[in-house]
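When we follow my numbering, the leftmost residue of the sequence shown carries the number 11, and every step to the right adds one. Each remark here refers to the structure printed beneath this line.
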Amino acid sequence: MALSSLLLLLLLAAAHGAAPALGLKRSDFPPDFVFGAATSAYQYEGAVAEDGRSPSIWDAFTHAGKMPDKSTGDIASDGYHKYKDDVKLMADTNLEAYRFSISWSRLVPRRGAVNPKGLEYYNSLINELVKHGIQIHVMLYHLDFPQVLDDEYGGWLSPRIGGFHNICRCVLQRVWRQGFVLDHDRRT
């Protein structure tokens with residue numbers, strides 16, 4: 011989307027001399043300062059109807075025409091297909107970390123079973139980041155509740171809510187061995 015393109019241009023500008031034009035150098039920052047980028051699954055991945063992903067509440071909202079510009083995340087930045095190019099760009103611009111969210115609708119599209127294609131995508135993304143030496147930070151939920159669960163429970167705040175433990179278990183048991191940092195709620 012437009013925001014992703016703007017961020018990409020800012021990254022390229024920083025990599026090609028804009029930072030020195032501002033008078034900033036790496037040494038102006040504390041040694042432990044980490045330069046990174048972040049995305050949310052709905053705004054980045056696209057591929058909303060591919061490989062077993064179920065609709066999320068964002069799909070229902072945007073497809074109902076509620077965005078001022080009528081945009082949807084159907085394609086978004088197409089990170090589902092272009093993540094290798096994006097990770098290379100991160101490495102080429104010397105980014106040290108990347109925080110991304112896992113789409114509940116992609117990893118566990120309905121109740122219970124893990125979507126093998128969703129798991130494959132996140133494992134491939136993580137492996138690509140590791141290959142390029144980029145720190146990995148994962149957000150387990152970023153406002154993309156599966157629509158089927160929203161219909162069943164009436165929303166995220168329902169006392170009957172279930173299923174989030176499936177996301178946590180899947181990430182911890184099947185993906186955690188990659189050694190990345192989990193980042194669920196920065197407020198705590």
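From the three backbone atoms N, C-alpha and C, an ideal C-beta is built for every residue, glycine too. On a predicted model such as this, the values are computed, not experimentally measured, just so you know.
Hey, out of the options, whose CA is closest to residue i's CA?
{"i": "GLU55", "options": "LEU117, LEU34 and ASN104", "result": "LEU117"}
{"i": "THR82", "options": "TYR90, ASP69, TYR93 and HIS91", "result": "ASP69"}
{"i": "GLU138", "options": "MET149, TYR163, TRP166 and TYR108", "result": "TYR108"}
{"i": "ALA101", "options": "GLN53, LYS141 and VAL148", "result": "LYS141"}
{"i": "GLY143", "options": "LEU99, TYR163, LYS80 and GLY173", "result": "LEU99"}
{"i": "GLY46", "options": "GLY173, VAL97 and TYR163", "result": "VAL97"}
{"i": "GLY89", "options": "LEU159, SER134 and GLY173", "result": "SER134"}
Would you kindly work out how many angstroms separate the C-alpha atoms of residue i and residue j, rounded to a whole number?
{"i": "ILE171", "j": "GLN157", "result": "13 angstroms"}
{"i": "GLN145", "j": "VAL181", "result": "17 angstroms"}
{"i": "ASP161", "j": "ILE67", "result": "9 angstroms"}
{"i": "LYS35", "j": "ALA48", "result": "22 angstroms"}
{"i": "SER87", "j": "ASP95", "result": "12 angstroms"}
{"i": "TYR151", "j": "TRP114", "result": "7 angstroms"}
{"i": "ARG184", "j": "ALA123", "result": "13 angstroms"}
{"i": "PHE71", "j": "HIS175", "result": "25 angstroms"}
{"i": "TYR132", "j": "GLN53", "result": "16 angstroms"}
{"i": "ARG120", "j": "GLY165", "result": "14 angstroms"}
{"i": "LEU105", "j": "ILE136", "result": "15 angstroms"}
{"i": "ASP79", "j": "TYR163", "result": "30 angstroms"}
The alpha helix (DSSP H) with residue i in it runs from where to where?
{"i": "ARG116", "result": "114 to 117"}
{"i": "PHE174", "result": "174 to 180"}
{"i": "THR72", "result": "67 to 73"}
{"i": "GLY46", "result": "From DSSP, GLY46 is part of no alpha helix (DSSP H) but of the beta strand (DSSP E) over 46 to 49."}
Which two residues bound the contiguous beta strand (DSSP E) that contains residue i?
{"i": "ARG36", "result": "Taken as a continuous stretch (DSSP letters only), ARG36 belongs to no beta strand (DSSP E), as it is neither H nor E."}
{"i": "GLY83", "result": "Segment: none, GLY83 is in no beta strand (DSSP E) and carries neither H nor E."}
{"i": "MET149", "result": "145 to 149"}
Take the Cβ of residue i as the centre, count every other Cβ of all protein chains shown within 10 Å, and call the residue buried at 16 or more, exposed below.
{"i": "ASP38", "result": "exposed"}
{"i": "PRO41", "result": "exposed"}
{"i": "SER168", "result": "exposed"}
{"i": "LEU32", "result": "exposed"}
{"i": "VAL44", "result": "exposed"}
{"i": "SER111", "result": "buried"}
{"i": "CYS178", "result": "exposed"}
{"i": "ALA57", "result": "buried"}
{"i": "MET77", "result": "exposed"}
{"i": "ALA51", "result": "buried"}
{"i": "GLY75", "result": "exposed"}
{"i": "ASP154", "result": "buried"}
{"i": "VAL148", "result": "buried"}
Verify the contact flag: residue i, CB atom, against every heavy atom of the ligand ZN, threshold strictly below 7 angstroms.
{"i": "GLY46", "result": "Judged by which ligands are present, the structure shown has none, so any question about the ligand ZN falls away."}
* **Segment contact, 8 angstroms Cβ cut-off, at least three pairs: the region 118 to 128 with the region 60 to 76** => yes
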